[in-house]
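Notes follow once the structure below has been shown.
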Amino acid sequence: MRPPTAPFVRSPLRPWLRVCLGLAVGMLVLSVAPQPLRAQTASREYQIKAVFIFNFLQFVEWPSSVFSSDSDPIRIGILGDDPFGSSLDETVQNETIHNRRLVIQRSHRADDLKNCQLIFIAKSENRRVDEILPLLDTRPVLTVSEVDDFARRGGIIAFYPEGKKVRFEINSSMALRHGLKMSSQLLGLGRIVGQNANSGER
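So for the sequence shown, numbering that gives the first Met the number 0 puts the first residue at 0; every next one is plus one.
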């Protein structure tokens with residue numbers, strides 16, 4: 000049964016993924032705590048964000064020219080210091096989207112990830128974001144980050160905290176600029192920023 004708190008999960012997920020996704024719209028303990036608990040909280044936070052990333056991929060359409068064959072995988076790039084640990088690998092393991100398997104690539108150089116369909120830009124690259132985004136400007140790539148004001152700086156999807164919850168905002172005009180088509184369901188779940196913020200686009 001699809002969890003009521005996870006309206007944009009399409010493919011069947013393993014039970015622990017359903018739990019993580021439920022947490023994504025539930026309470027996330029982010030307050031100051033003793034180190035062991037703080038470490039557990041950070042791990043849980045990135046489990047949640049890993050599931051979000053998996054779901055983003057299901058509700059974005061790339062130009063057909065992105066894939067050279069029906070067997071090409073969907074590539075997820077992590078740019079900078081990877082905060083996920085094994086969470087993202089475990090989330091996408093044995094999963095497919097439109098019959099394409101998922102592959103994760105990691106690098107500190109944007110050019111190494113030029114063939115990725117989604118690139119997560121880590122916090123370690125905060126000072127370089129304004130240099131990185133222009134390098135990806137003409138590519139059909141979904142950029143995701145938790146860097147402050149990422150979507151307003153030209154990124155496409157930005158995670159942000161709201162109280163004890165993980166939320167995300169979407170720069171839908173930048174998605175269009177990158178040749179990406181987002182489902183209305185995804186747009187309805189995110190906070191729209193950028194040129195289309197006041198257009199009522201959903």
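Here a beta-carbon is modelled for each residue, glycine too, at the ideal position from N, C-alpha and C. Computed from a predicted model, the values in this text were never measured in an experiment.
> In the DSSP assignment, what are the bridge partners of alanine 157?
Replying inline: Residue 157 sits at position 158 when you count from the first residue of the sequence shown. According to DSSP, residue pairing for alanine 157 in a beta bridge involves Ser144 and Glu168.
>> So, under 8 Å CB-CB, isoleucine 77 and isoleucine 96 are touching, yes? Tell me the CB distance rounded to an integer number of Å.
In response: In the sequence shown, the residue the question calls residue 77 occupies position 78. In the sequence shown, the residue the question calls residue 96 occupies position 97. Cβ atoms of isoleucine 77 and isoleucine 96 stay farther apart than 8 Å, at about 18 Å.
> Taking the runs of the alpha helix (DSSP H) that are 4 residues or longer, which of them lie wholly in the stretch 75–118?
Replying inline: Whole alpha helix (DSSP H) segments, 4+ residues: 86–91.
> Under three-state DSSP, which class holds lysine 122?
Replying inline: Locating residue 122 in the sequence shown gives position 123, counting from the first residue. Here lysine 122 carries a helix assignment [DSSP, helix/strand/coil].
> Which of helix, strand or coil does DSSP assign to alanine 49?
Replying inline: Along the sequence shown, read from residue 1 onward, the residue named residue 49 stands at position 50. Under the three-state reduction of DSSP, alanine 49 is assigned to helix.
> Just curious, the beta strand (DSSP E) that valine 192 is in, first and last residue?
Replying inline: By one-based count along the sequence shown, residue 192 stands at place 193. Taken as a continuous stretch (DSSP letters only), the beta strand (DSSP E) holding valine 192 covers 190–192.
> Going straight from the alpha carbon of asparagine 98 to that of serine 64, what length do you get?
Replying inline: What you label residue 98 is simply residue 99 of the sequence shown in a count that begins at 1. What you label residue 64 is simply residue 65 of the sequence shown in a count that begins at 1. In this structure, the straight-line span from the alpha carbon of asparagine 98 to that of serine 64 is close to 17 Å.
> So is asparagine 98 in contact with chain B if we call contact Cβ pairs under 8 Å?
Replying inline: Given the protein chain composition of this structure (a single chain), no chain B is represented.
> Hey, glycine 187 and asparagine 170 are a contact pair by Cβ (cut 8 Å); roughly how many whole angstroms apart?
Replying inline: For the purposes of this step, residue 187 is identified with residue 188 of the sequence shown, where counting begins at 1. For the purposes of this step, residue 170 is identified with residue 171 of the sequence shown, where counting begins at 1. With a Cβ gap of about 15 Å, glycine 187 and asparagine 170 do not count as contacting.
>> Whole angstroms are fine: how far does the CA of aspartate 136 sit from the CA of asparagine 93?
In response: Here the question's residue 93 lines up with position 94 in the sequence shown. Here the question's residue 136 lines up with position 137 in the sequence shown. Approximately 31 Å, taken between the alpha carbons.
> Of all the options Ile47, Arg74, Lys163 and Phe55, which has the alpha carbon lying nearest to the alpha carbon of phenylalanine 83?
Replying inline: Your numbering for residue 83 matches position 84 in the sequence shown. Out of Ile47, Arg74, Lys163 and Phe55, Ile47 has the C-alpha closest to the C-alpha of phenylalanine 83.
> Looking at C-alpha atoms only, which residue of Asn125, Val140, Ser86 and Ala49 is the closest neighbour of aspartate 110?
Replying inline: In the sequence shown, the residue the question calls residue 110 occupies position 111. Taking each of Asn125, Val140, Ser86 and Ala49 in turn and checking the Cα distance to aspartate 110, the smallest one comes out for Val140.
> If you check the beta carbons only, do histidine 132 and threonine 142 fall under 8 Å apart?
Replying inline: Here residue 132 is taken as the residue at index 133 of the sequence shown, counted from 1. Here residue 142 is taken as the residue at index 143 of the sequence shown, counted from 1. The question names histidine, but residue 132 in the sequence shown is leucine. Taking 8 Å as the Cβ cut-off, leucine 132 and threonine 142 qualify as a contacting pair.
>> In whole angstroms, give me the CA-to-CA distance for glycine 79 and valine 128.
In response: The count along the sequence shown starts at 1 and reaches residue 79 at position 80. The count along the sequence shown starts at 1 and reaches residue 128 at position 129. Their backbone Cα atoms lie some 11 Å apart in a straight line.
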